[in-house]
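Following: one structure in structure tokens, then a few remarks.
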Amino acid sequence: MCLHRWLQRGVWKQVGQMDLAMAQFEQMAERDIVTWNSMISGFNQRGYDLRALDIFSKMLRDSLLSPDRFTLASVLSACANLEKLCIGKQIHSHIVSTGFDISGIVLNALISMYSRCGGVETARRLIEQRGTKDLKIEGFTALLDGYIKLGDMNQAKNIFVSLKDRDVVAWTAMIVGYEQHGSYGEAINLFRSMVGGGQRPNSYTLAAMLSVASSLASLSHGKQIHGSAVKSGEIYSVSVSNALITMYAKAGNITSASRAFDLIRCERDTVSWTSMIIALAQHGHAEEALELFETMLMEGLRPDHITYVGVFSACTHAGLVNQGRQYFDMMKDVDKIIPTLSHYACMVDLFGRAGLLQEAQEFIEKMPIEPDVVTWGSLLSACRVHKNIDLGKVAAERLLLLEPENSGAYSALANLYSACGKWEEAAKIRKSMKDGRVKKEQGFSWIEVKHKVHVFGVEDGTHPEKNEIYMTMKKIWDEIKKMGYVPDTASVLHDLEEEVKEQILRHHSEKLAIAFGLISTPDKTTLRIMKNLRVCNDCHTAIKFISKLVGREIIVRDTTRFHHFKDGFCSCRDYW
DNA sequence: GTAGGGTTAG
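For the first sequence, this note's numbering begins at 724 and goes up steadily by one.
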């Protein structure tokens, strides 16, 4: 194919050959607006936003052309990605001074730029200034998207409902809006009516729906979307494949996640590698995660700031402190990435898990930015594992200064006291939680059996099969006690009989979900339990014994990671 | 002919 046409058709974008395109572009004698736009949007879409802006300024300087709506949309998007509000504002005033029509993609890009660069108020003004009269579909989609970005879902819904001809972009934008606001049920309903109404979802829609399935950790929803991606051919999109990795990983199926990664048929991008590295790290396969990272480097891909989060968390779980330190330096020195709060929290985690509490504390003190809740939380959690009350108190105090109603900090501190045998102190903390306004988040667990989700709370007496569930748990309880399990009744902070305390532990939501799973699935089936909070110490110990007793693999998803219980051991190596 | 909506962490 003629290179000129190849460039203009954007083939290089699909194969990712920016340098070839650039070389070709520079040789061209005549460049029209589409050629310029092609280059600018190409760099913008591939994440080279500075180069996109560079070419834009070259265009203004070297050519007689004026930017059109495509140019402006791409350049504004580059500003948004770079969070360069100042340049975005300049472009906005240029648009106003030339009398350019602010609608459609230009309006959309402006709203997007302002809301992503900390100019939410300007974004809202732009939206409010526009009536909905005389707007074409792109204009409506821009408004819809604007309201979603401002977090005003009611207005977004109004706009969406008023749309006569909804195209696939409008549907997707609305679905994504619900997904980002945690309204997963609404997102699923909307997807159903979209498909039911004959609108065909594309790769964007399917990636968004896979993200919904990930958030719900629902294997059955995820598999359905996977099926439609294969049928429609959208599986060839990298983003769909990437979303698939995360969906399987979050649904607890690391093997299928790996398969999704291996089967990516187009070029794997940074997100693909990052997703897989994080998936492996979350499932306790730290060494494999780091091997994958090294392979990624050998293939010539550079990690981004999120890849490093995954790498650090892998190091933490394998206890590789020095390697973690080296990667931290590599991130700063080689990849020129300025560490963010997440990176610092990861490093605190790394030192903390290894028992280097003092080093963790010093690291926090030396941070060039103000430590946040997550940083102090990491230190607190390490203090709990290594039973350091003094430092734990400091961490909890600092955390509560930032967020006085953080119930997790109170619980962690109480658990720390219990772990050190200081029951009275622990009871005091719990009492101060009750007295204060601090509400403990209600813990619950759920399990999917035959496409139905069964939710259990503590002492849950609502399930139709509750008698059988309780009886099963009691039988298991007696068996694992014979195997050496000692119930952690000391952590139950009530003045009660020993047997009653045991019953309270026995009826923790994750244990009930497991008992239900055992009686409602065939022998040897892997159980996948989801929990909205951290697994408690007693459950963690008990489930190790249960996995051995029943000869099944039990996978429990915490707030952040997966515990694979098998043969009496857990993949987290007792650190979580 | 070029865009808009998506995928990675805590």
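Cβ coordinates follow ideal geometry from the N, Cα and C atoms, glycine included.
Since the model is a prediction, treat every value here as computed from it, not as a measurement.
Rounded to whole angstroms, what's the CA-CA distance from Lys-1145 to Ala-1077? Just pull it up for me.
Roughly 24 Å separates the two Cα atoms.
Helix, strand or coil: how does DSSP classify Met-1053 here?
Helix at Met-1053.
Extract the residue ranges of the alpha helix (DSSP H) inside the segment 862–926, only unbroken runs of 4 or more that lie entirely within it.
As far as the segment 862–926 is concerned, its whole alpha helix (DSSP H) runs of at least 4 residues are 876–885, 891–903 and 907–919.
Residues near Ala-980 in its chain [Cβ-Cβ closer than 6 Å; skip 5 each side]
The beta carbon of Ala-980 is closer than 6 Å to those of Ile-968, Tyr-971, Ala-972 and Ala-1002 in its chain, skipping five residues each way along the sequence.
Compute the distance between the beta-carbons of Arg-673 and Ile-814, then report whether it is under 8 Å.
No statement about residue 673 is possible, as the shown extent of the chain runs from 724 to 1299 and does not include it.
Which residue spans inside the segment 1105–1155 form an unbroken alpha helix (DSSP H) run of at least 4?
Here the runs fully enclosed are 1112–1125 and 1130–1142.
Classify Val-1215 as helix, strand or coil using the three-state DSSP reduction.
The answer is coil: DSSP assigns Val-1215 none of H, G, I, E or B.
Between Ala-1213, Ala-801, Met-745 and Lys-781, which has its C-alpha nearest Ala-1142's C-alpha?
When only C-alpha atoms are compared, the closest one is Ala-1213.
Are His-1263 and His-1006 closer than 8 Å when you measure CB to CB?
It is not a contact, given that the beta carbons lie outside the stated cut-off.
I'd like to check one pair, Trp-996 with Thr-1039: are the Cβ atoms closer than 8 Å?
Taking 8 Å as the Cβ cut-off, Thr-1039 and Trp-996 do not qualify as a contacting pair.
Leaving out the 5 sequence neighbours to the left and right, which residues in its chain are closer than 6 Å to Val-961 when beta-carbon positions are compared?
Cβ within range, chain order: Cys-989 and Asp-992.
Measuring straight from C-alpha to C-alpha, what distance separates Trp-735 and Ala-746?
Any reading at Trp-735 is ruled out, since the residue's pLDDT is 48, under 50, leaving its predicted position unreliable.
Looking only at C-alpha atoms, which of Ser-1243, Thr-1244 and Pro-1210 sits nearest to Leu-1228?
It is Pro-1210.
Suppose you measure from the CA of Gly-905 to the CA of Ala-940; what does that come to, to the nearest Å?
If I take the Cα positions, the gap works out to 13 Å.
Nearest-angstrom beta carbon gap, Phe-1239 and Glu-1303 [assumed within contact, 8 Å]:
Outside the shown range of the chain, which is 724 to 1299, sits residue 1303, and nothing can be said about it.
Buried or exposed for Glu-1010, going by 16 or more other Cβ atoms inside 10 Å?
Exposed, since its Cβ has fewer than 16 Cβ neighbours within 10 Å.
Does DSSP classify Asp-742 as helix, strand or coil?
DSSP places Asp-742 in helix when its eight states are reduced to three.
Please classify Met-724: does DSSP put it in a helix, a strand, or coil?
Unreliable placement is indicated for Met-724, whose pLDDT of 38 sits below 50; the coordinate value is still reported in the next sentence. Annotated three-state conformation of Met-724 is coil, per DSSP.
Just to confirm, are Gly-1180 and Ser-1232 a CB contact at a threshold of 8 Å?
Contact: yes.
What are the boundary residues of the beta strand (DSSP E) that includes Glu-1014?
Premise fails: Glu-1014 lies in the alpha helix (DSSP H), 1009–1021, not in any beta strand (DSSP E).
Using the Cα positions of His-1205 and Lys-1271, report the straight-line distance between them to the nearest angstrom.
At residue 1205 the sequence reads Lys, which differs from the His that was named. Spanning the two alpha carbons is a distance of roughly 13 Å.
Pull up the distance between the alpha-carbon of Thr-1249 and that of Ile-1278, whole angstroms please.
C-alpha separation (whole angstroms): 7 Å.
For Val-1172, the first and last residue of its enclosing beta strand (DSSP E)
Unbroken beta strand (DSSP E) run through Val-1172: 1167–1172.
With DSSP as the reference, label Met-751 as helix, strand or coil.
Note: Met-751 maps to coil in three-state DSSP.
If you compare alpha carbons, which of Leu-1256, Glu-1147 and Val-1172 is closest to Glu-1164?
When only C-alpha atoms are compared, the closest one is Leu-1256.
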